[in-house]
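K.L.:
Residue numbers (our numbering): 75 to 167.
Where is the CB? At the ideal position from N, CA and C, for every residue including glycine.
Values in this document were obtained by computation on a predicted structure and should not be read as measured data.
1) Determine, using beta-carbon pairs with one atom in the segment 155 to 163 and one in the segment 110 to 121, whether at least three such pairs fall under 8 Å.
2) Shortest alpha-carbon distance to residue 147 belongs to which of 77, 107, 134?
3) Counting only the same chain and skipping the five closest in sequence on each side, list residues whose C-beta sits under 6 Å from that of residue 78.
4) Buried or exposed: where does residue 110 fall if 16 or more other Cβ atoms within 10 Å of its Cβ makes it buried?
5) Apart from the five residues on each side of it in sequence, which residues of its chain come closer than 7 Å, Cβ to Cβ, to residue 164?
6) Label residue 84 either buried or exposed according to how many other C-beta atoms from any shown protein chain fall within 10 Å of its C-beta, with 16 as the threshold for buried.
7) Put residue 128 into one of helix, strand or coil per three-state DSSP.
8) Quick one, which of 143, 120, 161, 128 has its alpha-carbon nearest residue 97's?
Printed below as a string of structure tokens:
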């Protein structure tokens, strides 16, 4: 299992259980996208597995961030370093 989620209205909480690689980053990004489209949350919080995630994890997070931004939904990260949050221009949760 790549991700799990919980909805505590109006917030969608997504947990990445491990760092992603090139073979599973698209699947994780698509799962997050589907969850956002299904639940239409006011905010998304993603828990990352490492303070400094792999490039593939960053890629999936960037894709999720762009999608959320296009819908006007803020995305926040937990477990990420300040540097990682700055790279993605997100807040901490």
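P.N.:
Result, derived from the coordinates:
1) no
2) 107
3) 89
4) buried
5) 139, 149, 150, 151
6) exposed
7) coil
8) 128
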